[in-house]
Each structure stands twice: as structure tokens, then as C-alpha cells.
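Trainee:
In this note's numbering, the protein residues as written are 175 to 284.
1. Which residues in the same chain as residue 214 place their Cβ atom closer than 8 Å to its Cβ, once the five residues preceding and following it in sequence are excluded?
2. Mind pulling the beta strand (DSSP E) runs of 3 or more residues that sit fully within the region 199-262?
3. Rounded to a whole number of angstroms, what is the C-alpha to C-alpha distance between residue 266 and residue 248?
4. Using a threshold of 8 Å, state whether the C-beta atoms of residue 217 and residue 272 are closer than that.
5. Closest by CA to residue 283, which one among 253, 232, 222?
6. Using the three-state DSSP reduction, which class does residue 283 fall into: helix, strand or coil?
7. Thinking just about the alpha-carbon of each residue, which of 205, 269, 209, 275 is nearest to the one in residue 244?
8. Taking 7 Å as the cut-off, is the C-beta of residue 239 nearer than that to any heavy atom in the ligand MN?
9. What residues in its chain sit with their C-beta under 7 Å from that of residue 199, if we drop five residues either side in the sequence?
10. Compare the Cα-Cα distances from residue 246 to each of 202, 207, 226, 209 and report the closest residue.
11. Quick one: grab the DSSP three-state call for residue 273.
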């Protein structure tokens, strides 16, 4: 029995299944402008992602999740972005690292 050949015959099926699961994921964009997140609150489904995009002209920002031991993105300079996938339902409140007055939240539903 040649298991390598059997796996090769299944590769197209696995590729198709992987492609469909990748397409099922949505990406919601949150813009950073005028020291605010737009929109400030969003609702997404489990498995979806959020991309924060810094549209400021001169300022860097980050995204900090205090309830997750202070998990923080890298600094985003103008026209840079950061992407995070959410695999668990719940509410995720966040703020900007260097500008904690900037606040937002993500509600992840099943």
C-alpha cells in the first residue's frame, strides 16, 4: 500500500476545502483617524478578523486588550495596519497604547 500516493490523490480535495474555509472568513476594517477608532464598536462572527488601519498623517497608534493581559499590537505608523482573527465569542474592549483615551470594542458572536 502506497500512502504517499493516496495522500496525493486527496490533495485537490483538501485544497478545495481549505479554500472554502478561507473564503468564509470576513475582514472588517477599523480606521484610525483624528485620534479615534471608526467605527468605535463593531460586531463580527467567530473566525472573522479585524484590520486596524492608521489613517493619521504623523502619529503612531497601537491596539491594547487589557482583559487579555495587556496584549498589544505593534505600533502602526501612518498607512500601516494590523490584523487579528477572533476565534472565541465574547466582548473585546481595547484602547490605544500611547493614547489610552482612544477606546473601541468588538463583539464576537457565534
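Note that the Cβ used here is the ideal one computed from N, Cα and C, for glycine as well.
Mentor: The relevant details are as follows:
1. The residue given as residue 214 occupies position 40 in the chain shown. Excluding residues within five positions, the ones whose Cβ falls inside 8 Å are 277, 278, 279.
2. 201-207, 210-212, 215-219, 223-228, 255-259
3. Along the chain shown, read from residue 1 onward, the residue named residue 266 stands at position 92. Along the chain shown, read from residue 1 onward, the residue named residue 248 stands at position 74. As the crow flies, the alpha-carbon of residue 266 is around 18 Å from that of residue 248.
4. For the purposes of this step, residue 217 is identified with residue 43 of the chain shown, where counting begins at 1. For the purposes of this step, residue 272 is identified with residue 98 of the chain shown, where counting begins at 1. Taking 8 Å as the Cβ cut-off, residue 217 and residue 272 do not qualify as a contacting pair.
5. Translated into the one-based positions of the chain shown, residue 283 becomes position 109. Looking only at 253, 232, 222, the smallest Cα-Cα distance to residue 283 is reached by 222.
6. Within the chain shown, residue 283 is the residue found at index 109, counting from 1. The answer is strand: DSSP assigns residue 283 an E or B state.
7. Start at 1 with the first residue of the chain shown, and residue 244 comes out as number 70. The shortest C-alpha separation from residue 244 is found at 269.
8. With respect to the ligand MN, the structure shown offers nothing to examine, as it has no ligands at all.
9. In the chain shown, residue 199 corresponds to position 25, counting from 1. Closer than 7 Å at the Cβ level, and outside the excluded window around residue 199, lie 221, 222, 223.
10. Against the chain shown, residue 246 aligns to sequence position 72. Of 202, 207, 226, 209, the residue nearest in Cα terms is 226.
11. On the chain shown, residue 273 is found 99 positions in, with the first residue counted as 1. If DSSP states are grouped into helix, strand and coil, residue 273 belongs with coil.
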